[in-house]
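Engineer: Below you'll find the structure I mean.
2 protein chains.
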Amino acid sequence: MATGRTHRPATRSRGIPEATVARLPLYLRALTALSERSVPTVSSEELATAAGVNSAKLRKDFSYLGSYGTRGVGYDVEYLVYQISRELGLTQDWPVVIVGIGNLGAALANYGGFASRGFRVAALIDADPAMAGKPVAGLPVRHTDELESIITDNDVSIGVIATPAGAAQQVCDRLVAAGVTSILNFAPTVLSVPEGVDVRKVDLSIELQILAFHEQRKAGEETTSAQEPAAAVQPRSGAAVRTPAAGRAAGKGPDGDVPAVMPA
Amino acid sequence: MATGRTHRPATRSRGIPEATVARLPLYLRALTALSERSVPTVSSEELATAAGVNSAKLRKDFSYLGSYGTRGVGYDVEYLVYQISRELGLTQDWPVVIVGIGNLGAALANYGGFASRGFRVAALIDADPAMAGKPVAGLPVRHTDELESIITDNDVSIGVIATPAGAAQQVCDRLVAAGVTSILNFAPTVLSVPEGVDVRKVDLSIELQILAFHEQRKAGEETTSAQEPAAAVQPRSGAAVRTPAAGRAAGKGPDGDVPAVMPA
DNA sequence: CCATCTTTGTGCACGCGTTCACAAAGGCAT
DNA sequence: ATGCCTTTGTGAACGCGTGCACAAAGATGG
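Taken in sequence, the protein lines are chains A and B. Residue 174 in UniProt numbering sits at position 174 of the first sequence, and the numbers go up by one each step. Residue 182 in UniProt numbering sits at position 182 of the second sequence, and the numbers go up by one each step.
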């Protein structure tokens, strides 16, 4: 899962809770699938299962949008698809720029999900002059110098950052200065943006680390029953114990092959 | 941000709240950066700023791990790096397999962040026979037939799914059957897994849709001040007002251009 | 050794999000 | 029309997460 949401401390935008907004795309996807199978109506129970949530939660979520169901019957699939699409702002066209056309940026550009619902890749931008002009996913890569004019000319308000961590903040600043007010950040950095700009981040290594935590916990539960009491965490094996001071030397140690790029 | 977290209704694993676990990688990254600049100690205030959170929250988060700070001074950077790494299970090696070596899968394989901290790409797996043997990011792509043996032989417990949506559940089932207990899913589908298996999902289009929602709201606030009162959302252009029952026929109405491809 | 200053660790209160459980509402059969 | 059955919409309770604000703890200087 992308983690995310910076700024806007869970603002209940126009009555719709942030948590609900985050689930609407999920419902929409499930509904679209039903629509393709020409299913006319669906109950909260069925839809909830398809979306992987609790039916009570789903009904409450929908209640924030209005009363779109029919008691005793369920929800009209097509109607709901439209309502949610409209609520999410997907009935209009959103031009998007992707900055940083490396492996990830190229993958994003090729990703079908982009174009599918209201999003249109307006331009691919990269700082490498050698990339300029080369076609990626059918679009010619533009040089960073053109960033501002591209944003302005295409009226872009959503930007995707797929650059190395080091360049992210700078790119972000330029995007914002040029008029972008929503940013999806794939670079492993905390971006600071002015009030009114939304940032969401997708961070692979954070997700993996969270999984590792749970994985470790599972493994620990099998072997050791109740490892350490309370203040537990502190002590450790004798010799190899890296004291705060000693630790520093690492970084090129155990995993000396770590590409210096992209911290983690 | 990757969204996510399936199953495990916010279990407070060993006393550490899920929300805190999700922030530990953030702190770790900030601390690693400080460590590289040889900064010996850091205050909760400074570190919080670097990680983009509130200092009180940070202190509370750390309090779940133990009392690792020194009042009047702050936290020892190296020591904290080690403690958090250990808590997240990053002091051990986690072999990972990536299934689905398309654009995204290849990008992930090349992503440095993988190897950097305890994670090692054990194998790249793809269903396309033509891909088999071809080197990607220095590793030969293996065919799906080998999936089970690869998992078993390398003792893999974390799997990354980067296949098309249609194949995701099937791949997931096989991974789980072979012994994987943590899955990072990039495919736009809800995966169902047995108890005890953790799934986190990273979904580009969901993130974009959430941004679009806020973007639309911003745009709406500028022009219209207080659009509609409360029960608001419902009404719309006269004739086209679709009642729940009438709705069915719609879907091709006002916005008849909605592409039926790739749900969202 | 004492006073002062800094920064941690946490008790407490508040608000969001989730879930339960049920009354209201509509369809359908008789 | 009437009654039964299904499913929605929501009031209310609960629990997690956040942030305030302060007491405790340690460092530092005289």
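Every residue gets a Cβ at the ideal spot worked out from N, C-alpha and C, and that includes glycine.
Can you tell me whether DSSP reads tyrosine 111(A) as helix, strand or coil?
Structural biologist: In the structure shown, tyrosine 111(A) sits in coil (DSSP, three-state: anything other than H, G, I, E or B).
Engineer: Would you mind sorting glutamine 83(B) into buried or exposed? The rule is 16 or more other CB atoms within 10 Å of its CB.
Structural biologist: It counts as buried.
Engineer: Smallest Cα separation from aspartate 145(B): which of Pro194(B), Leu88(B), Met131(B), Leu34(B)?
Structural biologist: The shortest Cα separation from aspartate 145(B) among Pro194(B), Leu88(B), Met131(B), Leu34(B) belongs to Met131(B).
Engineer: Which complete beta strand (DSSP E) runs does the UniProt domain "CoA-binding" (89 to 190) of chain B hold, if anything under 3 residues is left out?
Structural biologist: Qualifying beta strand (DSSP E) stretches, in chain order: 94 to 99, 119 to 126, 139 to 143, 158 to 161, 182 to 185.
Engineer: Could you give the DSSP three-state label for tyrosine 68(B): helix, strand or coil?
Structural biologist: The answer is coil: DSSP assigns tyrosine 68(B) none of H, G, I, E or B.
Engineer: Lysine 218(A): which of Ser63(B), Gly89(B), Gly105(B) sits nearest, CA to CA?
Structural biologist: The shortest Cα separation from lysine 218(A) among Ser63(B), Gly89(B), Gly105(B) belongs to Gly89(B).
Engineer: Which chain A residues are close to tyrosine 111(B), counting only those with a beta carbon under 8 Å from its beta carbon?
Structural biologist: Asn103, Leu104, Leu204, Met262, listed in chain order.
Engineer: Check whether the Cβ of arginine 174(B) lies closer than 9 Å to any Cβ atom in chain A.
Structural biologist: False, the Cβ-Cβ gap to chain A never drops below 9 Å.
Engineer: Can you give me the C-alpha to C-alpha distance between glycine 66(B) and glutamate 87(B), rounded to a whole angstrom?
Structural biologist: When rounded, the distance between both Cα atoms is 11 Å.
Engineer: Which whole-angstrom value describes the C-beta separation of valine 21(B) and phenylalanine 186(A), a residue pair presumed to lie in contact below a C-beta threshold of 8 Å?
Structural biologist: The pair is not a contact, with the Cβ atoms about 22 Å apart (cut-off 8 Å).
Engineer: Taking valine 73(B) as part of the alpha helix (DSSP H), name the residues at either end of that continuous run.
Structural biologist: Premise fails: valine 73(B) is in no alpha helix (DSSP H) and is neither H nor E.
Engineer: Please tell me whether leucine 211(A) and isoleucine 183(B) are closer than 9 Å, where the distance is taken between their beta carbons.
Structural biologist: For leucine 211(A) and isoleucine 183(B), yes; Cβs fall inside 9 Å.
Engineer: How do the stretch 64 to 81 of chain B and the stretch 90 to 100 of chain B stand: do at least 3 beta-carbon pairs fall below 8 Å, yes or no?
Structural biologist: Contact fails: fewer than three Cβ-Cβ distances are below 8 Å.
Engineer: In three-state terms, what does DSSP make of aspartate 198(A)?
Structural biologist: Strand at aspartate 198(A).
Engineer: Are the C-beta of arginine 71(B) and some C-beta of chain A separated by less than 9 Å?
Structural biologist: So, not an interface residue.
Engineer: Could you check where the alpha helix (DSSP H) with arginine 37(B) kicks off and where it finishes?
Structural biologist: No alpha helix (DSSP H) holds arginine 37(B); DSSP gives it neither H nor E.
Engineer: Shortest alpha-carbon distance to leucine 24(A) belongs to which of Pro140(A), Lys60(A), Ser43(A), Ser35(A)?
Structural biologist: Of the listed residues, the one whose Cα sits closest to leucine 24(A) is Lys60(A).
Engineer: Can you tell me whether proline 140(B) is buried or exposed, with buried defined as 16 or more other CB within 10 angstroms of its CB?
Structural biologist: So proline 140(B) ends up on the exposed side.
Engineer: Between the Cα of serine 149(B) and those of Gly179(B), Ile158(B), Val160(B), spot the shortest distance and give me the residue it belongs to.
Structural biologist: Answer by Cα proximity: Gly179(B).
Engineer: Within its chain, find whatever has a CB closer than 6 Å to the CB of alanine 123(A); leave out the 5 residues flanking it on each side and keep chain order.
Structural biologist: Result list for alanine 123(A): Val97, Arg142, Ile150, in chain order.
Engineer: Taking just the CA atoms, how far does serine 38(B) sit from leucine 58(B)?
Structural biologist: Near 21 Å, if we compare the C-alpha coordinates of serine 38(B) and leucine 58(B).
Engineer: Within the continuous alpha helix (DSSP H) that includes serine 192(B), where are the two ends?
Structural biologist: Note, serine 192(B): premise wrong, no alpha helix (DSSP H); not H, not E.
Engineer: Tell me which same chain residues have a C-beta within less than 8 Å of the C-beta of alanine 162(B), skipping the five on either side of it?
Structural biologist: Excluding residues within five positions, the ones whose Cβ falls inside 8 Å are Ile98, Val99, Gly100, Ile101, Gly102, Leu104, Gly105, Leu108, Phe186, Ala187.
Engineer: Under 7 Å Cβ-Cβ, which residues of chain B neighbour serine 149(A)?
Structural biologist: Neighbours of serine 149(A) on chain B: none; closest Cβ ~21 Å, over 7 Å.
Engineer: Step through the CB atoms of chain B and report whether any lies within less than 9 Å of the CB of serine 161(A).
Structural biologist: Checking the sequence shown, residue 161(A) turns out to be isoleucine, not serine. Judged by the 9 Å Cβ criterion, isoleucine 161(A) is not in contact with chain B.
Engineer: Measure the C-alpha to C-alpha separation of alanine 165(B) and valine 171(B) and round it to an integer number of angstroms.
Structural biologist: If I take the Cα positions, the gap works out to 10 Å.
Engineer: Return the CA-CA distance between arginine 29(B) and glutamine 209(A), expressed in angstroms with no decimal places.
Structural biologist: Roughly 11 Å separates the two Cα atoms.
Engineer: Which residues in the same chain as leucine 175(B) place their Cβ atom closer than 6 Å to its Cβ, once the five residues preceding and following it in sequence are excluded?
Structural biologist: Around leucine 175(B): Gly159.
Engineer: Taking 9 Å as the CB-CB cut-off, is proline 25(B) touching chain A?
Structural biologist: Chain A, which has a Cβ nearer than 9 Å to the Cβ of proline 25(B), makes this yes.
Engineer: Please tell me whether arginine 120(A) has its Cβ less than 9 Å away from any Cβ of chain B.
Structural biologist: Output row for arginine 120(A): interface = no.
Engineer: Mind listing the chain B neighbours of glutamate 195(A)? Cutoff is C-beta to C-beta under 8 Å, in chain order.
Structural biologist: Correct list: empty, because the minimum Cβ distance to chain B is about 12 Å.
Engineer: If you draw a straight line from the alpha carbon of proline 135(B) to that of proline 40(B), how long is it in whole angstroms?
Structural biologist: Distance between the alpha carbons of proline 135(B) and proline 40(B) is about 42 Å.
Engineer: Is lysine 57(A) close to chain B, meaning its C-beta is less than 9 Å from at least one C-beta of that chain?
Structural biologist: Not closer than 9 Å to any Cβ of chain B, the Cβ of lysine 57(A) fails to qualify, so no.
Engineer: Would asparagine 110(B) and alanine 137(B) be called neighbours here (beta carbons separated by less than 9 Å)?
Structural biologist: Yes, they are a contact pair.
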